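Asks:
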Amino acid sequence: MKNINLPREFLKIAKAITNKRAKIVIEHILKHGYITTEDLEAKYGYNHPPRAARDVREAGLPLETFRVKDKKGRSIAAYRFGDFTKIQQNKLSGRIIFPKDFKKDLLKIQNGKCAICNGSFELRYFQIDHRVPYEVAGDDILLNRNLSEFMLLCGSCNRAKSWSCEHCLNWKREKTPNICNRCYWGNPDNYLHIALRSIRRLDILWAEMEVASYDKIKVLANKEKSPLPDFVKKILDKNIPN
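In terms of our numbering, the numbers along the sequence shown are unbroken and rise by one, the last being 232.
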């Protein structure tokens, strides 16, 4: 069934969105009433349909997910516009607009360092990121702006986190926030897994005067013809008491 009697303000915001994926989803829903994951994959060539739906949500329009049958009778996800009263007016071009003090407060909490790699950067190079991805947490994470639910990441770590999260089964299927809270990407200081895999990770940066130490370690690793990460693990194993 097609959506009818859409509020004028809703249509104005919907038609002003320029993000390509979001625009395709919006125009399809306006024409057909909803869009399925099958439509997104077969008709528009998107191999990860939930990301296209996320683009719409992050642009400020509410979407709700429901189930339909595909051509083979299998149950698949579909998206249609949700509660019009929940249009998020605090977003611009698909990004959430945070007060300047919000970012400064996060920088102070993290001692000016990236939450993942512990690298020091100027404030402008940091990106505010949800500890629990929007795709999992939903609208609550936008409405309740608690500092504890966000962190600052450098661009490199933010991209790495996005790739890992989007390939995690919790992102694709379960969508359980507590699983994300126990993941390295959501809580790097106290985690049980990385994207549901039993992994421990340590990101180390050598900066300024520390670079000389890194160069020495690299020379030793090259002499043993050992990859640098393996060589560092070997050093640590030798110096850890049994």
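Backbone N, C-alpha and C fix where the C-beta goes; we use that ideal spot for every residue, glycine too. In this text, all values refer to a predicted model and were calculated from it rather than measured experimentally.
To the nearest angstrom, report how far apart A4 and G35 are at their CA atoms.
Replies: Approximately 22 Å, taken between the alpha carbons.
Asks: Pick out whichever of H120, V126, N148 has its Cα sitting closest to the Cα of R135.
Replies: H120
Asks: Measure the C-alpha to C-alpha separation of G102 and L143 and round it to an integer number of angstroms.
Replies: 10 Å
Asks: Count the other CB atoms, across all protein chains shown, that sit within 10 Å of the CB of W196; report buried if there are 16 or more and exposed otherwise.
Replies: exposed
Asks: Is the CB-CB distance between R44 and Y115 below 8 Å?
Replies: Not closer than 8 Å, so no.
Asks: Drop a sphere of 10 angstroms on the beta-carbon of I230, count the other beta-carbons inside from all chains shown, and report buried for 16 or more, exposed for fewer.
Replies: exposed
Asks: Can you look up F0 in the DSSP assignment and give me helix, strand or coil?
Replies: helix
Asks: C173 by DSSP, collapsed to three states: which one?
Replies: strand
Asks: Should W153 go down as buried or exposed, given a rule of 16 or more other Cβ atoms within 10 Å for buried?
Replies: So W153 counts as exposed.
Asks: Spatial neighbours of W71 within its chain, please: CB distance less than 8 Å, with the 5 preceding and 5 following residues excluded, ordered by chain position.
Replies: What sits at residue 71 in the sequence shown is Phe, not Trp. Here the set comprises N(-7), L(-4), F0, I19, L51, P52, L53, E54.
Asks: Start and end of the beta strand (DSSP E) containing A32?
Replies: A32 -> no beta strand (DSSP E), and no H or E assigned at all.
Asks: Tell me whether D73 sits in a helix, a strand or coil according to DSSP, three-state version.
Replies: coil
Asks: Going by Cα to Cα distance, which pick from E198, D220, N180, G176 is closest to I118?
Replies: When only C-alpha atoms are compared, the closest one is G176.
Asks: Measuring alpha carbon to alpha carbon, tell me which residue in E139, K208, S110 is nearest F92.
Replies: E139
Asks: Assuming C173 contacts I189 (C-beta within less than 8 Å), just tell me the rounded distance between them.
Replies: With a Cβ gap of about 10 Å, C173 and I189 do not count as contacting.
Asks: State buried or exposed for T27, treating a residue as buried only when at least 16 other CB atoms are found within 10 Å of its CB.
Replies: buried
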